[in-house]
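This report refers to the structure that appears directly beneath it.
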Amino acid sequence: MSRLHLLNSNSIFFDFTDMNRLLITILFCSFVFVHDNYAQKKKDKPNILFIMCDDLNDYQGVFGGHPQAKTPNIDKLAESGTRFLNAQSNIPVCQPSRNSLFTGVYPSASSDFGWIPHFKQKVLKHNKTFVQVLKENGYYTLASGKLMHANEKEVWNEWGLDIKHNYGPFYYNGDKLTAHPSVPAPFNKIGPIDGSYGRISEMPNHNGERGVPGLVEGWNMKPVKYNSDSDRDLLYDEKHAEWAVNKFKELANKKNDKPFFMGVGFVRPHTPLHAPDKYFDMFPLDELELDKWVADDTEDIFYQEIFGTKGKGSRYYRELLASYAGDRELALKTFLQAYLACVAFVDDQIGTVLEGLETSGLADNTIVIFTSDHGWQMGEKELLFKNTVYEEATRVPYIIRDPKVKKNQVVSHPVSLIDLYPTVLDFAGIEASNLKAEGGAELGGYSVIPFLENPNTMKWEGPEGALSVKGVWGATSKNFTVNEQNYSYRTEKWRYIHYTDGKEELYNHDADPYEWKNIASDKKYAKVKSDLKAQMEKIIKVKFNDIVN
1 MSRLHLLNSN SIFFDFTDMN RLLITILFCS FVFVHDNYAQ KKKDKPNILF
51 IMCDDLNDYQ GVFGGHPQAK TPNIDKLAES GTRFLNAQSN IPVCQPSRNS
101 LFTGVYPSAS SDFGWIPHFK QKVLKHNKTF VQVLKENGYY TLASGKLMHA
151 NEKEVWNEWG LDIKHNYGPF YYNGDKLTAH PSVPAPFNKI GPIDGSYGRI
201 SEMPNHNGER GVPGLVEGWN MKPVKYNSDS DRDLLYDEKH AEWAVNKFKE
251 LANKKNDKPF FMGVGFVRPH TPLHAPDKYF DMFPLDELEL DKWVADDTED
301 IFYQEIFGTK GKGSRYYREL LASYAGDREL ALKTFLQAYL ACVAFVDDQI
351 GTVLEGLETS GLADNTIVIF TSDHGWQMGE KELLFKNTVY EEATRVPYII
401 RDPKVKKNQV VSHPVSLIDL YPTVLDFAGI EASNLKAEGG AELGGYSVIP
451 FLENPNTMKW EGPEGALSVK GVWGATSKNF TVNEQNYSYR TEKWRYIHYT
501 DGKEELYNHD ADPYEWKNIA SDKKYAKVKS DLKAQMEKII KVKFNDIVN
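Using full-length UniProt numbering, count along the sequence shown one by one with no gaps and you end on 549.
Encoded structure:
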């Protein structure tokens with residue numbers, strides 16, 4: 001019996017009038033079904049809030065990097081979502097890391113190891129950022145702060161505060177921007193960004209006159225008022241947080257039929273490490289603890305041999321100690337205090353944004369993703385900077401809160417920032433290429449949503465480990481190729497490092513979480529090295545033995 005017959009069990013015959021009524025009913029029901037289905041899909045399309053910090057290592061309570069770190073808001077976010085304990089940066093330095101995660105392309109696939117905007121880089125200029133894909137597929141895109149070093153404004157429906165650089169406030173000595181007046185030489189000679197740390201209150205207010213020292217907002221030389229913590233101008237990160245809160249209110253009131261993607265980029269704890277007094281007061285210098293270390297930690301590694309001691313990491317460490325008469329403990333504690341103060345400061349801004357999201361009523365349909373572009377070495381292996389092949393620089397905090405999945409989950413399987421692109425599109429229900437034109441590189445990562453559904457899943461399609469690269473300085477030159485870079489590969493148990501000259505390091509994280517003992521020369525680990533190297537080569541798509549002796 002046909003469906004038409006089933007609609008009327010009293011008769012299998014219809015006159016013309018009955019048939020017309022039936023057709024109208026069917027058409028109406030079909031319209032309602034399609035309309036409701038479309039509305040349901042639109043309703044289920046999540047908003048996405050992406051919060052990103054700069055130079056933030058694992059110094060948060062939930063990631064255990066430093067026992068005295070105070071990050072209640074990041075910790076609360078982790079408890080309400082899923083945290084990835086072994087997330088890695090694919091290239092631990094600002095611009096190429098951001099280029100990679102926003103385009104979904106490994107640095108080894110684009111040869112982007114330097115400081116070229118993604119839309120000018122020879123490969124990445126042919127790739128779409130995931131923001132562009134979201135916009136093309138119905139998302140309302142808006143952002144403020146430091147997300148990429150150079151943004152394409154056209155991929156955003158709204159761009160927030162038009163700030164060229166977000167690094168301030170700075171100290172102006174009456175002639176030029178310099179390091180904080182309390183920073184001793186020779187470290188202060190490094191300059192107003194990497195060579196500066198200290199309380200904002202110790203820099204006098206600037207009256208706006210050239211030649212008069214004082215506190216200025218940024219490269220714009222705009223005076224900043226700071227009389228006390230309760231009587232001062234807002235700092236850049238605070239302004240971005242305030243912008244986000246106001247936008248949540250607007251989005252909630254507009255009842256926009258488009259889901260939104262909002263990016264909020266905080267610059268702290270990037271240098272200069274300046275923060276209001278209350279954040280420094282949280283970390284009394286005489287109560288600070290330094291992480292464990294061993295004095296001979298550089299004797300079995302090849303980092304300094306490959307990169308020398310004139311690079312920023314080695315030089316900054318050496319000059320910081322020299323500024324405190326060689327007193328390692330005092331030097332690092334002074335720097336650490338400023339770093340922890342800036343971490344606590346940015347945690348407050350993250351809390352402001354998350355509270356604004358909750359208050360707006362949008363949280364129940366908003367995915368929150370939080371991470372950093374890379375970490376930071378705090379004196380380990382005599383390095384004080386980012387852009388190394390070791391855990392402190394490559395590991396990043398990574399939290400995803402999906403209101404529809406279980407809370408307080410922990411994932412130990414390695415993932416990396418390359419996986420963010422496909423994850424965002426997966427949340428949005430979008431299947432799209434990252435290619436803009438011929439000449440671009442393919443998507444490198446995999447969606448991590450399977451880990452949200454089951455933190456111990458064995459069904460993830462991605463690799464066993466996470467790949468990072470430290471490029472040779474000047475690697476934007478045509479003289480440097482992919483195989484001439486220095487790669488680090490992190491699995492749950494191992495970190496394997498392969499240098500440009502073929503030298504190797506291997507660390508067993510089960511037995512050696514601080515990466516103190518390089519066991520690469522131990523013959524009993526030859527098979528482990530071979531397996532890890534093969535996994536690395538598969539991702540990079542190059543055979544090291546074919547090129548490097």
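Glycine included, every Cβ here is placed at the ideal spot set by N, Cα and C.
A contact between stretches requires three or more CB pairs, one per stretch, nearer than 8 Å, and the segment 162–172 meets this requirement with the segment 215–232. Looking at the backbone, the Cα of Asn483 and that of Ser110 are separated by about 13 Å. Leu420 sits buried, since 16 or more C-beta atoms from the chains shown fall within 10 Å of its C-beta. Residue pairing by DSSP places Arg83 opposite Ile399, Val410 in a beta bridge. Membership of Thr371 in the beta strand (DSSP E) is indicated by the continuous run 366–372.
Taken through DSSP and simplified to helix, strand or coil, Phe50 comes out as strand. With fewer than 16 other Cβ atoms from the protein chains shown falling within 10 Å of its own Cβ, Pro284 counts as exposed. Under the three-state reduction of DSSP output, Gln68 falls in the coil class, being neither helix nor strand. By the neighbour-count criterion, in which a residue is buried when 16 or more other Cβ atoms sit within 10 angstroms of its Cβ, Thr334 is buried. Taking a cut-off of 8 Å on C-beta distances, the segment 131–145 does not touch the segment 446–466, as fewer than three cross pairs fall below it. Your pair Val264 and Ala143 checks out as a contact, with CB atoms roughly 7 Å apart and the cut at 8 Å.
In the displayed model, Thr388 falls within coil according to three-state DSSP, outside both helix and strand. Judged by DSSP in its simplified three-state form, Trp159 adopts strand. Sequence-distant partners of Leu49 (beyond 5 residues in either direction) whose C-beta falls short of 6 Å from its own C-beta, in its chain, are Met262, Thr366, Val368. Using a 10 angstroms sphere on the CB of Met458, the tally of other CB atoms stays under 16, which defines it as exposed.
At the C-beta level, Trp376 and Asp55 come within 8 Å of one another.
The residues Asn408, in chain order, have a CB closer than 6 Å to that of Glu79 in the same chain once the five nearest residues on each side in sequence are set aside. Bounds of the beta strand (DSSP E) holding Lys470 are 466–470. A direct Cα-Cα distance of roughly 8 Å separates Gln68 from Glu289. Per the coordinates, the alpha-carbon of Val396 lies some 24 Å from the alpha-carbon of Ala363. When Cβ pairs closer than 8 Å are counted between the two stretches, the segment 188–197 is seen not to touch the segment 230–240, the count staying below three. Distance check between Phe427 and each of Pro259, Pro213, Ala150 places Pro259 closest, using alpha-carbon atoms only. Less than 8 Å separates the beta-carbon of Ser108 from that of Val469. Beyond the five residues adjoining it in sequence on each side, Lys493 comes within less than 7 Å, by CB distance, of Asn508, His509, Asp510 in the same chain, given in chain order.
Counting C-beta pairs with one atom in each stretch, the segment 515–522 and the segment 296–303 have three or more that are closer than 8 Å, which means they touch. Counting along the chain, Gly351 sits inside the alpha helix (DSSP H) bounded by residues 328–360. Between Gly81 and Phe266, the beta carbon gap of about 18 Å keeps them out of contact (Cβ cut-off 8 Å). Asn205 is bridged by DSSP to Leu215. Residue state for Arg495 is assigned as strand, using DSSP reduced to three classes. Straight-line measurement puts the Cα of Val93 at about 15 Å from the Cα of Ser314.
Of the residues Ala441, Glu505, Glu504, the one whose Cα lies closest to the Cα of Lys541 is Ala441.
DSSP places Ala275 inside the beta strand (DSSP E), whose first and last residues are 273–275. Distance check between Cys53 and each of Ala241, Tyr106, Gln121 places Ala241 closest, using alpha-carbon atoms only. Apart from sequence neighbours up to five positions away, the residues of its chain that approach Phe280 with a beta-carbon distance below 6 Å are Arg199, Ala341, ordered along the chain. Listed in chain order, the non-local C-beta contacts of Val410 below 7 Å within the same chain comprise Arg83, Leu85, Pro455, local neighbours out to five positions each way being set aside. Straight across, the Cα-Cα distance linking Thr481 with Leu332 is about 36 Å.
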